[in-house]
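K.L.:
These protein sequence lines are chains G and R, in that order.
This note's numbering puts the first residue of the first sequence at 10, with every later residue one more than the last.
This note's numbering puts the first residue of the second sequence at 1352, with every later residue one more than the last.
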Amino acid sequence: DAKTTQPPSMDCAEGRAANLPCNHSTISGNEYVYWYRQIHSQGPQYIIHGLKNNETNEMASLIITEDRKSSTLILPHATLRDTAVYYCIVRVANYGGSQGNLIFGKGTKLSVKP
Amino acid sequence: DTAVSQTPKYLVTQMGNDKSIKCEQNLGHDTMYWYKQDSKKFLKIMFSYNNKELIINETVPNRFSPKSPDKAHLNLHINSLELGDSAVYFCASSQAEGLAGGRWSYEQFFGPGTRLTVL
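1) How would you list, in chain order, the residues of chain G whose beta-carbon sits under 9 Å from the beta-carbon of R:G1462?
2) State the DSSP-derived secondary structure class of G:G114, mapped to helix, strand or coil.
3) Given a cut-off of 9 Å on the beta-carbon distance, is the pair R:Y1361 and R:R1466 in contact?
4) With distance defined between alpha-carbon atoms, name the residue in G:V101, G:E75, G:I112 nearest to G:S37.
5) So R:I1396 contacts chain G; which residues on that side make the cut at Cβ distance below 8 Å?
6) Taking only runs of the alpha helix (DSSP H) that begin and end inside the region 1387-1414 of chain R, which ones reach a length of at least 4 residues, in chain order?
7) Against G:Y55, what residues of chain R qualify as contacts under a CB-to-CB distance less than 8 Å, listed in chain order?
8) Between the Cα of R:V1363 and those of R:F1461, R:S1445, R:E1458, R:E1433, spot the shortest distance and give me the residue it belongs to.
9) Between R:S1445 and R:V1355, which are expected to be in contact by the criterion C-beta below 8 Å, what is the C-beta distance as a whole number of angstroms?
10) Under a CB-based cut-off of 9 Å, is R:V1363 close to chain G?
11) Could you name the residues of the same chain whose beta carbon sits closer than 6 Å to that of G:I48, not counting the 5 residues immediately before and after it, in chain order?
12) Along the chain, where does the beta strand (DSSP E) containing R:K1370 start, and where does it finish?
13) Please report the Cβ distance between G:P53 and G:T117, rounded to the nearest whole angstrom; I am assuming they are in contact, meaning their Cβ atoms lie under 8 Å.
14) By the criterion of Cβ-Cβ separation under 8 Å, what are the contact partners of R:F1441 in chain G?
15) Tell me whether G:R25 sits in a helix, a strand or coil according to DSSP, three-state version.
16) Mind checking who R:K1418 pairs with in its DSSP beta bridge?
17) For the region 16-66 of chain G, which segments carrying the beta strand (DSSP E) assignment without a break, of at least 3 residues, lie completely within its bounds, in sequence order?
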């Protein structure tokens, strides 16, 4: 079962920042927070991940609270193409290994509106 | 170039038939996966496989079997198809988890999916 809780849906105006929350109150010290998204009829796509520090890449920013029990994915300037289901996943690092399980929950359906 | 590809994109077949879905990755990854996404959009891992180990989700019926002719391919064979097998099947691949910038990093790359309809 997924170890995260996300709102089922959110709306965002085009050009505005989209802030997607995720609760992971039972996260362990060696577990990372991963975000993936699935655009309609496509395979999931990796966005970003983090352990305890805030992270930023070309797609998004990830803000993790100090107690690590929740996080927020930020799309700074949402476009219509960002409309998708966003999945927050908690996963233990498989140090040096090549296998790992992504356990997907229900995710948040983000609708970016013009 | 497509990183992870699947064929066919759509597959419609009768109950009881045996079918296969092919997956290929050109990323040089050493681990491949199969996921099933049902009509309620839940995405669940079915198998993970590398040249050392096959890990099967215990909920997957033994009618499903992955077959890997080489490191770049992981095909999914399904015997005696049932109505409940109708779903979208996604293949994915990943490289071994690595340390980058002080963080362990791991990313799965997914294929476009195969929509299987069993009549």
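In this text, a Cβ means the ideal position worked out from N, Cα and C, and glycines have one as well.
Computed from a predicted structure; not experimentally measured.
P.N.:
According to the data block:
1) Close to R:G1462, with beta-carbon spacing below 9 Å, are these residues of chain G in chain order: G52.
2) Three-state result, G:G114: coil.
3) Against a cut-off of 9 Å, the Cβ pair of R:R1466 and R:Y1361 comes out as a contact.
4) In terms of Cα proximity to G:S37, the closest of G:V101, G:E75, G:I112 is G:V101.
5) Chain-order list of chain G residues neighbouring R:I1396: N110, L111, I112, by C-beta distance under 8 Å.
6) Fully contained in the region 1387-1414 of chain R is no alpha helix (DSSP H) run of length 4 or more.
7) Residues of chain R passing the Cβ test: E1458, Q1459, F1460.
8) Comparing Cα-Cα distances from R:V1363 to each of R:F1461, R:S1445, R:E1458, R:E1433, the minimum goes to R:E1433.
9) Contact between R:S1445 and R:V1355 fails: their C-beta atoms lie close to 10 Å from each other, not under 8 Å.
10) With 9 Å as the cut-off, R:V1363 does not count as an interface residue toward chain G.
11) So the list reads A93, once near-sequence residues are dropped.
12) It spans 1370-1376 - the beta strand (DSSP E) in which R:K1370 sits, taken as one unbroken run.
13) Actually they are not in contact, since the Cβ atoms of G:P53 and G:T117 sit about 14 Å apart, beyond 8 Å.
14) Within chain G, G52, P53 have C-beta atoms less than 8 Å from the C-beta of R:F1441, given in sequence order.
15) Coil at G:R25, not helix or strand.
16) According to DSSP, R:K1418 bridges with R:N1426.
17) With a minimum length of 3 residues, the continuous beta strand (DSSP E) runs that stay inside the region 16-66 of chain G are 18-22, 27-32, 40-47, 54-59.
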